[in-house]
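Engineer:
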Amino acid sequence: VKVTVNGEATKQLSLYRNRAYLLLGKGLHRVQLHLSVTDLAQLQLQFDNIPQLTRYSGEGWQVSGIHKQALPSGRISLRKLKKQPVTETEKRLTANPIQPLVKVTRVLSLDVDWTLTTTVSRVAPATGPINLRVDLLSGESVTTAGVKVENSKVLVDLGQNSTSTSWRSDLQKTSPVTLTATDSKDYFEVWQLNPSLKWHASYQGIAPIKSNAANLTWQPVADDQLAISLQKPEPLAGVSYAIDGVTMHYAPGKRLAKTVLELAFRASKGSDYPLQLPAGADISSISLNGNSIIYVQEQGTVILPIPPGKSSVVLEFSRSEKLQLVTHTPVLAIPGATNIKIESSMPSNRWILAVSGPLIGPAILFWGVLLMILAIGFVLGRQQWSPLKSWEWMLMGTGVATSFWPITLLVVLWFLALAKRGSLVNSETSARKYNLLQVAIAVLTFVMLLALVGSVASSLMFGSPDMQVTGNGSYATSLNWYQDAIIGNLPETTVISVPMWSYQVLMLLWSIWLSMSLIRWLKWGWSNYSSDGLWRTLPKTAKKDQPETSKEQKAQRAKEKKQDDDW
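For the sequence shown, the positions run 413 to 979 when my numbering is used.
1) Quick check: the Cα distance between valine 415 and serine 426, rounded to an integer number of angstroms?
2) Below 8 angstroms on the Cβ atoms is my contact criterion, and I expect isoleucine 1007 with tyrosine 615 to pass it. Report the Cβ-Cβ distance as a whole number of Å.
3) So, do the stretch 547-555 and the stretch 563-571 have three or more beta carbon pairs nearer to each other than 8 angstroms?
4) How would you label phenylalanine 729, buried or exposed, when you count the other beta carbons within 10 angstroms and need 16 or more for buried?
5) What ranges does the beta strand (DSSP E) occupy inside the stretch 520-571, keeping only unbroken runs of at least 3 residues that lie completely in it?
6) Note the first and the last residue of the continuous beta strand (DSSP E) segment covering asparagine 751.
7) Do you know how far the Cα of tryptophan 805 is from the Cα of aspartate 957?
8) So the candidates are Ser680, Arg667, Pro620 and His661; which of them puts its Cα closest to the Cα of leucine 648?
9) What residues in its chain sit with their C-beta under 7 angstroms from that of leucine 921, if we drop five residues either side in the sequence?
10) Is any beta-carbon of chain D found at less than 7 angstroms from that of alanine 970?
11) Could you give the C-beta distance for valine 417 and valine 443, rounded to a whole number, given that I count them as a contact under 8 angstroms?
12) Among residues of its own chain, excluding the 5 on either side of arginine 948, which ones have a beta-carbon nearer than 7 angstroms to its beta-carbon?
13) Report all residues from its chain with a CB closer than 6 angstroms to the CB of lysine 955; omit the five preceding and five following residues, and keep chain order.
14) Tell me, to the nearest whole angstrom, how far the beta carbon of glycine 748 is from that of isoleucine 718; I am working on the premise that it is less than 8 angstroms.
15) So the candidates are Lys560, Leu522, Ser596 and Gln454; which of them puts its Cα closest to the Cα of proline 541?
16) Fully enclosed by the stretch 670-742, which beta strand (DSSP E) runs are 3 residues long or longer?
17) Indicate the three-state DSSP secondary structure (helix, strand or coil) for isoleucine 621 in the structure shown.
18) Name the two residues that bound the continuous beta strand (DSSP E) containing alanine 639.
19) Going by beta carbon distance, what residues of the same chain come within less than 6 angstroms of leucine 822, once the five residues before and after it are set aside?
20) So what's glycine 937 in DSSP terms, helix, strand or just coil?
21) Going by C-alpha distance, which of Leu638, Arg467 and Asn624 is nearest arginine 518?
22) Measuring alpha carbon to alpha carbon, tell me which residue in Ile752, Val865, Lys492 and Ser724 is nearest proline 903.
23) Relative to the C-alpha of glycine 769, which residue among Gln796, Ile478, Ser704 and Asn892 is closest?
24) Flag this pair as yes or no: are the beta carbons of proline 620 and leucine 628 separated by less than 7 angstroms?
25) Please identify the residue among Phe816, Lys734 and Ile853 whose C-alpha is closest to the C-alpha of alanine 829.
26) Could you check whether methionine 660 and leucine 675 sit closer than 7 angstroms to each other, using their CB atoms as the reference points?
27) Could you spell out where the beta strand (DSSP E) holding glycine 657 opens and where it closes?
28) Over what stretch of residues does the beta strand (DSSP E) that includes phenylalanine 459 continue unbroken?
29) What do you get for glutamate 601, buried or exposed, if any count of 16 or more other CB atoms within 10 angstroms of its CB means buried?
30) What separation, rounded to the nearest whole angstrom, lies between the Cα atoms of serine 756 and aspartate 656?
31) Taking Cβ to Cβ, would you say leucine 490 is nearer than 7 angstroms to tryptophan 473?
32) Does DSSP put arginine 667 in a helix, in a strand, or in coil?
33) Taking the CB atoms as reference points, tell me whether tryptophan 763 and serine 909 lie closer together than 7 angstroms.
34) With 16 as the cutoff for other CB atoms within 10 Å, does tryptophan 913 come out buried or exposed?
35) Which of the three DSSP states is assigned to alanine 613 in this structure?
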């Protein structure tokens with residue numbers, strides 16, 4: 413190595429870790445570096461301070477790294493073009509250079525826009541700068557900033573420790589897209605195609621090495637060709653939308669019935685959806701994806717704008733409609749809709765008697781319980797011990813069932829205990845057994861009366877019967893139906909209800925009858941309860957100084973003990 417500064421040789425040059433450092437004074441200098449490269453086939457020059465102007469003059473060498481007299485990467489690569497015999501010195505001192513090799517992966521994404529992502533990955537050597545040129549495809553326009561293109565080739569510079577670089581490009585929408593593998597020794601190619609539902613792709617040429625729904629992959633060798641033909645699928649005749657869900661919230665009032673309709677659309681393209689509303693419907697608002705929209709209404713039909721993709725439309729309208737005995741939800745024509753939900757919110761001042769609609773919906777269990785109570789009342793009235801007739805049992809059970817039907821069982825137990833009391837005790841029953849039975853009947857009477865009074869008070873004060881409404885999340889004032897799909901109109905639901913004051917009037921009449929009947933029942937109960945006396949005195953224990961009891965007294969006590977054990 414020989415160095416001159418301003419035409420004079422200098423020794424102010426030091427070498428450290430394969431780098432040359434030259435000491436220069438202040439001012440403008442001309443530095444020349446003379447190298448003997450007779451025995452070298454490849455040479456890399458790295459400049460930490462990138463030169464402003466770089467030119468090459470000479471023959472027999474391939475130079476890379478210089479672009480328009482600039483040195484973007486800060487390094488120059490030189491390679492001998494002519495192969496010369498290897499000298500003995502080169503064999504002894506110089507290692508065989510590794511030919512740079514990279515992999516070029518082209519990923520074609522063909523959707524609304526056709527784009528190409530190209531990635532250059534280092535294969536060999538593991539480190540060191542690499543400069544090469546990669547051919548562009550026909551119709552490819554690089555969009556990544558900072559990428560240098562010259563004569564339809566991308567100038568690629570990999571740094572000392574860089575492993576890869578990439579850029580994005582746009583492709584002209586021209587079918588077929590033709591790819592030809594390079595015959596360059598500097599890189600090999602891998603092609604990938606990401607298909608889209610918007611295009612039908614077919615190919616001619618080499619077979620892919622990997623094929624699935626996500627992508628197709630080819631790994632060509634030199635001069636292999638691939639032609640990818642693309643066509644837009646022809647749409648089939650039919651609607652361009654689907655209705656994935658319909659929810660109707662219906663709230664009848666004294667003079668006005670309000671309806672909130674929610675529609676979930678899924679459309680392949682934008683379109684208008686006509687919806688015929690019931691006669692007399694007054695639209696309050698329409699929103700699309702939560703935003704209010706301007707709508708067009710013609711002769712009872714409202715036009716809903718449906719954008720591509722998934723969307724939700726909420727329509728609110730009301731009708732002048734009095735709340736009557738039979739209430740129906742509005743009937744709307746929404747052909748092909750799925751997942752239909754109908755929610756009917758009844759006022760709290762209505763007594764719901766019956767409902768009808770889709771199979772998945774509410775049920776009123778009260779009528780089944782009432783039927784069971786009527787059957788039991790009919791049987792009880794025909795029992796010899798019963799002081800009540802069948803119709804009295806039925807009427808008493810019907811009134812209690814609207815508040816808490818298990819109270820009926822308590823009343824039956826009270827009548828049964830008093831009716832069977834005479835067969836459980838007699839004049840020979842021990843005082844202990846007799847008194848215990850009297851206490852039990854007294855407690856049962858108190859609990860029964862408390863339950864009956866509570867039932868009457870609950871019915872008159874709160875005036876809300878327990879109709880046991882259940883099914884699909886329904887309860888007393890909220891009725892919910894569901895149907896998976898329809899062909900034409902939405903299913904119609906029906907609710908039969910009467911004003912709550914009618915229930916209160918019936919319960920008032922029932923309470924009056926119950927109070928009058930209860931006096932008669934209590935008289936009958938007192939007669940049975942007090943027969944043979946209300947209470948019996950327990951025998952006193954004999955004192956020690958008294959004489960022993962007679963044989964008759966012992967026999968009487970043994971008999972009483974046996975009766976107590978039997979009881």
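Backbone N, C-alpha and C define an ideal beta-carbon position, used for all residues, glycine too.
Structural biologist: Result, derived from the coordinates:
1) 11 angstroms
2) A question about residue 1007 goes unanswered here, because the residues of the chain that appear run from 413 up to 979.
3) yes
4) buried
5) 526-536, 542-547, 552-554 and 565-570
6) 750-757
7) Summary for aspartate 957: the model assigns pLDDT 49, below 50, so the residue's position carries little reliability; its value from the coordinates is reported in the next sentence. Aspartate 957 and tryptophan 805: Cα-Cα distance of roughly 60 angstroms.
8) Ser680
9) none
10) No chain D is present in this structure, which holds just one protein chain.
11) 6 angstroms
12) Ala843, Tyr846 and Asn847
13) Low per-residue confidence applies at lysine 955: pLDDT is 49, beneath 50, and the placement is therefore not dependable enough to give any value.
14) Contact doesn't hold; Cβ gap of about 14 angstroms is too wide.
15) Gln454
16) 683-688, 694-700, 708-710, 713-718, 721-732 and 738-740
17) coil
18) 637-643
19) Met860 and Ala863
20) helix
21) Leu638
22) Ile752
23) Asn892
24) yes
25) Ile853
26) no
27) 653-663
28) Here phenylalanine 459 belongs to no beta strand (DSSP E), and DSSP marks it neither H nor E.
29) buried
30) 21 angstroms
31) yes
32) coil
33) yes
34) exposed
35) strand
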